[in-house]
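Single-structure report; data block below.
Protein chains: 2
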Amino acid sequence: MTSSTRSTQPRRSDATRAAILRAARERFAADGYERATIRAIAADAQIDPSMVMRYYGSKEGLFAAAAEFDLRLPDLTSVPPARLGEVLVRHFLARWEGDETLVALLRAASTNPGAAERMRGIFADQLTAAVATFGTDPTLTARRAGLVASQILGLAFTRYIVRLPPMVDTTPEELVSWVAPTLQRYLTGTPPS
Amino acid sequence: MTSSTRSTQPRRSDATRAAILRAARERFAADGYERATIRAIAADAQIDPSMVMRYYGSKEGLFAAAAEFDLRLPDLTSVPPARLGEVLVRHFLARWEGDETLVALLRAASTNPGAAERMRGIFADQLTAAVATFGTDPTLTARRAGLVASQILGLAFTRYIVRLPPMVDTTPEELVSWVAPTLQRYLTGTPPS
DNA sequence: GACCGTTGCCAACACATGTTGGCAAACACT
DNA sequence: AGTGTTTGCCAACATGTGTTGGCAACGGTC
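Line by line, the protein sequences give chains A and B.
Okay, so the first sequence: first residue is 0 according to numbering that gives the first Met the number 0, each after it adds one.
Okay, so the second sequence: first residue is 0 according to numbering that gives the first Met the number 0, each after it adds one.
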């Protein structure tokens with residue numbers, strides 16, 4: 000702290016900080032947590048590796064900052080109940096088609112316990128909260144949210160990580176048509192016996 | 000080659016080889032490709048790290064041997080068409096609930112290109128071939144197989160890798176009830192416009 | 001213009017990694 | 001018994017990693 004009394008004053012190094020964060024997201028998304036080295040990230044950002052340490056403390060700290068992520072789920076109460084699935088798939092596809100943060104998180108979650116923990120938080124908190132806006136049984140709500148997460152993450156995993164050819168080649172709209180009914184049933188379908 | 004003229008004669012070191020492979024599968028499944036070190040695997044197998052190199056050439060070679068995997072898909076032509084989804088989910092859950100090889104492959108596929116390639120091979124070849132037993136349009140067949148893979152891998156990813164609480168707590172039979180209709184539609188449903 | 005915090009770079013440390021070569025004991029075979 | 005092969009271990013190398021400390025240049029403040 001210098002002389003700033005409240006929140007954060009714009010610092011002269013903000014540009015550097017942002018460059019590091021951008022490069023970190025790219026590298027984490029492309030290589031995963033362990034293969035993405037601080038040296039490579041620093042090289043991409045065209046600064047010295049020691050700056051990364053000064054501004055983010057450690058590699059874990061850098062990842063924590065780079066993997067900050069908000070699903071930005073729309074208000075599901077203002078959506079026609081019959082179109083919930085469609086709205087959700089479309090939203091997710093659009094959300095991470097233009098933001099590699101989730102891909103970074105997805106890759107890292109496989110090997111980094113902290114990343115997995117964050118993933119759990121995001122989908123357990125944000126998604127469960129959204130699903131909870133309709134339906135009262137908490138166990139059932141959690142199960143619905145989990146199933147939705149399984150299909151959504153499976154979609155992302157096969158399309159962006161493993162890159163299964165049929166999943167890569169299919170257009171987003173076609174994917175929406177196929178997957179929307181699945182989410183719809185997970186969200187509003189009557190539970191099996 | 001020593002004096003063996005055909006295939007493979009039982010060697011005295013077979014026990015060691017097997018111990019290495021078992022430890023490797025465990026470590027790769029638990030830690031992923033990069034965090035699983037040859038030293039740790041050798042320690043688990045109670046032998047010297049250099050033996051791993053001698054018997055498997057390199058870390059990549061060891062992984063290739065440890066990640067040998069067969070989905071063992073049943074013959075889908077002898078299954079009532081209406082129960083295809085149910086049979087498939089049950090088979091997959093049973094298949095990898097007792098064999099950590101697929102978990103190892105799944106974890107590694109996120110960061111290791113070779114593992115991702117193998118994953119593509121398994122699901123593009125074995126699964127697509129099974130789906131192709133009914134239906135003629137190759138593009139549609141590939142798409143169906145891809146969608147099935149997305150839900151199946153999403154299930155495995157959320158249950159075994161990220162360990163989302165609702166997906167971990169749910170019993171296999173309950174998962175089957177929820178997911179079977181999804182696969183059923185991906186396999187036999189009429190394609191959207 | 002002197003002072004002090006900030007920004008940046010360089011060099012280095014401590015450590016873990018995959019990998020290699022050499023050597024001793026155990027074994028197989030004549 | 002003698003010889004060649006196999007199995008195993010030890011020590012070491014080369015390299016890449018996250019991380020640290022020190023030092024020069026810059027920027028604003030009195």
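All residues carry an ideal CB built from backbone N, CA and C; glycine is no exception.
Using the Cα positions of residue i and residue j, report the straight-line distance between them to the nearest angstrom.
i	j	result
GLU173(A)	SER149(A)	19 Å
SER192(A)	ALA14(B)	48 Å
ALA45(A)	THR135(A)	First, the residue type needs correcting, since residue 45(A) is Gln and not Ala in the sequence shown. C-alpha separation (whole angstroms): 52 Å.
GLU116(A)	ALA107(A)	11 Å
LEU101(A)	PRO80(A)	27 Å
ALA35(A)	TRP95(B)	30 Å
GLU59(B)	THR189(B)	42 Å
GLY97(A)	SER49(B)	46 Å
MET166(B)	GLN183(A)	18 Å
LEU20(A)	ARG71(B)	44 Å
ARG53(A)	ILE37(A)	12 Å
LEU139(A)	PRO171(A)	29 Å
PRO137(A)	VAL130(A)	10 Å
ASN111(A)	LEU126(A)	22 Å
ILE151(A)	TYR159(A)	12 Å
ILE83(B)	ASP124(B)	Just to set this straight, residue 83(B) is Leu in the shown sequence, not Ile. Using only the alpha carbons, I get a separation of about 19 Å.
ALA155(A)	ARG89(A)	13 Å
ALA22(A)	ALA28(B)	29 Å
Helix, strand or coil for residue i, going by three-state DSSP, please let me know.
i	result
VAL78(B)	coil
PRO190(B)	coil
GLN45(A)	coil
GLY56(B)	coil
ALA64(B)	helix
GLU116(B)	helix
ARG16(B)	helix
THR181(A)	helix
PRO165(A)	helix
GLY31(A)	coil
THR138(B)	helix
GLY170(A)	First, the amino acid is wrong: residue 170(A) is Thr here, not Gly. Coil.
ALA103(A)	helix
ALA155(B)	helix
LEU72(A)	coil
THR127(A)	helix
ARG10(B)	coil
SER149(B)	helix
Between residue i and chain A, is any beta-carbon pair separated by less than 9 Å?
i	result
PRO171(B)	no
PHE156(B)	yes
TYR195(B)	Summary: the structure shown does not reach residue 195(B), with chain B confined to residues 0 through 192, and so no result is reported for it.
TRP95(B)	no
GLU33(B)	yes
PRO190(B)	yes
GLY84(B)	no
SER149(B)	yes
ALA66(B)	no
ARG142(B)	yes
LEU186(B)	no
Comparing the C-beta of residue i with each C-beta of chain B, is any distance below 9 Å?
i	result
ALA108(A)	yes
LEU152(A)	yes
ALA122(A)	Reading the sequence as shown, one finds Phe at residue 122(A) and not Ala. Yes, PHE122(A) lies at the interface with chain B (some Cβ there is under 9 Å from its Cβ).
THR132(A)	no
ALA81(A)	no
THR1(A)	The predicted model places THR1(A) with a pLDDT of 41, which falls under 50 and marks its position as unreliable, so this point remains unresolved.
ILE160(A)	yes
SER176(A)	yes
GLY145(A)	yes
MET50(A)	no
THR36(A)	no
ALA63(A)	no
THR181(A)	yes
Taking residue i as the reference, give the member of the options with the closest Cα.
i	options	result
ALA17(B)	GLU33(B), PRO73(B), ILE40(B), GLY145(B)	ILE40(B)
LEU62(A)	ALA42(A), TYR32(A), ALA44(A), PRO48(A)	In the sequence as presented, Leu is not what sits at residue 62(A); that position holds Phe. If we check each option's Cα against that of PHE62(A), TYR32(A) comes out closest.
PRO202(B)	THR170(A), THR132(A), ASP168(A), ARG119(A)	Residue coverage of chain B in this structure runs from 0 to 192, which leaves residue 202(B) outside it and unanswerable.
PHE122(B)	ALA65(B), ASP168(B), ILE46(B), PHE91(B)	PHE91(B)
ALA128(A)	PRO73(A), ARG24(A), SER12(A)	PRO73(A)
GLY153(B)	GLY188(A), SER109(A), VAL78(A)	SER109(A)
ARG24(B)	TYR55(B), SER49(B), ALA64(B)	ALA64(B)
TYR185(B)	TYR159(B), VAL147(B), THR170(B)	VAL147(B)
ASP30(B)	GLU99(B), LEU139(B), PRO9(B), ARG82(B)	GLU99(B)
VAL178(B)	PHE133(B), ARG162(B), VAL86(B)	VAL86(B)
GLY113(A)	GLY56(B), GLY113(B), SER57(B), VAL161(B)	VAL161(B)
Since residue i contacts residue j with CB under 8 Å, what's their CB separation in whole angstroms?
i	j	result
GLY145(B)	THR157(A)	7 Å
ASP43(B)	ARG26(B)	7 Å
LEU104(A)	PHE68(A)	6 Å
THR169(A)	ARG142(B)	6 Å
THR76(A)	THR132(A)	5 Å
Closer than 8 Å: is that where the CB of residue i sits relative to any heavy atom of the ligand MG?
i	result
ASP43(A)	No copy of the ligand MG appears in this structure; indeed no ligand is present at all.
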